[in-house]
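Residue numbers (our numbering), protein chains in the order written: chain A, 1 to 113; chain B, 1001 to 1112. Heads up, the beta-carbon is just placed ideally off N, CA and C, and yes, glycines get one too. Below you'll find the structure, written out as structure tokens, and then a few comments.
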Amino acid sequence: DQQVKQNSPSLSVQEGRISILNCDYTNSMFDYFLWYKKYPAEGPTFLISISSIKDKNEDGRFTVFLNKSAKHLSLHIVPSQPGDSAVYFCAALPHQAGTALIFGKGTTLSVSS
Amino acid sequence: DTGVSQNPRHKITKRGQNVTFRCDPISEHNRLYWYRQTLGQGPEFLTYFQNEAQLEKSRLLSDRFSAERPKGSFSTLEIQRTEQGDSAMYLCASRREGYGYTFGSGTRLTVV
């Protein structure tokens, strides 16, 4: 069963607009969440993260929001650029030391100019 | 920091053959992870090393798979008697405690 769910396989947005990518999780033991971006034929690249003690983290055009009661997080990209077109993975980390990241299935973002 | 290096980038093999992949982590990273990614899925955890000790294996790691990390440096992942279902991208990541995961570019395996 999927502990990290990205229910939208794809998202299309126009350049300059906001992109919102969503992620839900089921395990209340997760205490750290990360977003990765992946281009074809490359490994995932870290984008932004958030600890469960926060509800928002911002880094330039990227903001991640966490709603612990709803077990939901979202990644906002403003303004979207064509170079943002990639697959975005949500990942979660349980608080046990050394445990591996658990990934969602990803959302393919296409930003058109 | 030269990043995480994986070799080969691509491997095509016949069903039933054995294959071995190599991962060179970032030198000061003591933790190393192997993941597998198939089409339409996110990376799925296979196994994890802290230094040379293999501390965790997922149920995806069947007995045809074996991983090693001699001397806590590079790691190898071997698949014996490959099957078509083994076709995937195999990703390696490394990190040190308290820091984020850095992924390599992966090895794409095609079993024909």
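* Kindly list, in the order they appear in chain A, the residues whose Cβ is closer than 9 Å to that of B/Ser-1105. => Neighbourhood of B/Ser-1105 in chain A, by CB distance below 9 Å: Ala-41, Glu-42 and Gly-43, in chain order.
* Asked: Can you find a CB in chain B that lies within less than 9 Å of the CB of A/Gly-106?
  -> Closer than 9 Å: yes.
* To do: Ignoring anything shorter than 3 residues or poking outside the region 1055-1094 of chain B, list the beta strand (DSSP E) runs there in chain order.
  => Listed in chain order, they are 1065-1068 and 1075-1079.
* Counted within 10 angstroms of its Cβ, other Cβ atoms place B/Tyr-1101 as buried (16 or more) or exposed -> B/Tyr-1101 is buried by the Cβ-count criterion.
* Go through its chain and collect everything with a Cβ distance to A/Asp-59's Cβ below 7 Å, but skip five positions before and after it. => Hits under 7 Å: Ile-48.
* Around the C-beta of B/Leu-1109, are 16 or more other C-beta atoms found within 10 angstroms, so that it is buried, or is it exposed? -> Under a 10 Å Cβ-count criterion, B/Leu-1109 is classified as buried, with 16 or more other Cβ atoms of the shown protein chains found around its own Cβ.
* For B/Gln-1041, go through chain A and note every residue whose CB falls closer than 7 Å to its CB, in chain order. => In chain order: Lys-105.
* Asked: Within this structure, are the beta carbons of A/Leu-66 and A/Phe-103 separated by less than 9 Å?
  -> With contacts defined as CB atoms closer than 9 Å, A/Leu-66 and A/Phe-103 fail to qualify as a contacting pair.
* Does the beta carbon of A/Tyr-25 come closer than 9 Å to any beta carbon on chain B? -> False, the Cβ-Cβ gap to chain B never drops below 9 Å.
* Asked: How would you list, in chain order, the residues of chain A whose beta-carbon sits under 8 Å from the beta-carbon of B/Gly-1151?
  -> Lying before the first or after the last residue shown, residue 1151 of chain B is absent from chain B, which here runs from 1001 to 1112.
* Asked: So, is B/Ile-1012 buried or exposed, given that buried needs 16 or more other C-beta atoms within 10 angstroms?
  -> Exposed, by the Cβ-count rule.
* To do: Decide if A/Gly-43 is buried, meaning its Cβ has at least 16 other Cβ atoms within 10 Å, or exposed.
  => Its Cβ being crowded by 16 or more others within 10 Å, A/Gly-43 is buried.
* Three-pair Cβ contact test at 8 Å for the region 1003-1019 of chain B versus the region 20-28 of chain A -> Touching, no, given that fewer than three Cβ pairs across the two stretches are closer than 8 Å.
* Asked: Using a Cβ-Cβ distance under 9 Å, would B/Leu-1091 count as near chain A?
  -> So yes, B/Leu-1091 belongs to the interface.
* **9 Å Cβ cutoff, A/Pro-9 in contact with chain B** => True, the Cβ-Cβ gap to chain B drops below 9 Å.
* **Under the three-state DSSP convention, the category A/Pro-94 falls into** => If DSSP states are grouped into helix, strand and coil, A/Pro-94 belongs with the strands.
* Per DSSP, B/Val-1050 is paired with what? -> Val is not the amino acid found at residue 1050 of chain B; the sequence shown has Gln there. The bridge partners DSSP lists for B/Gln-1050 are B/Arg-1031 and B/Ala-1053.
* Got a sec: is the Cβ-Cβ distance from B/Phe-1074 to anything in chain A below 9 Å? -> No, no contact with chain A.
* To do: Specify, as a first and last residue, the run of the beta strand (DSSP E) that A/Ile-77 falls within.
  => From DSSP, the beta strand (DSSP E) with A/Ile-77 extends over 72-77.
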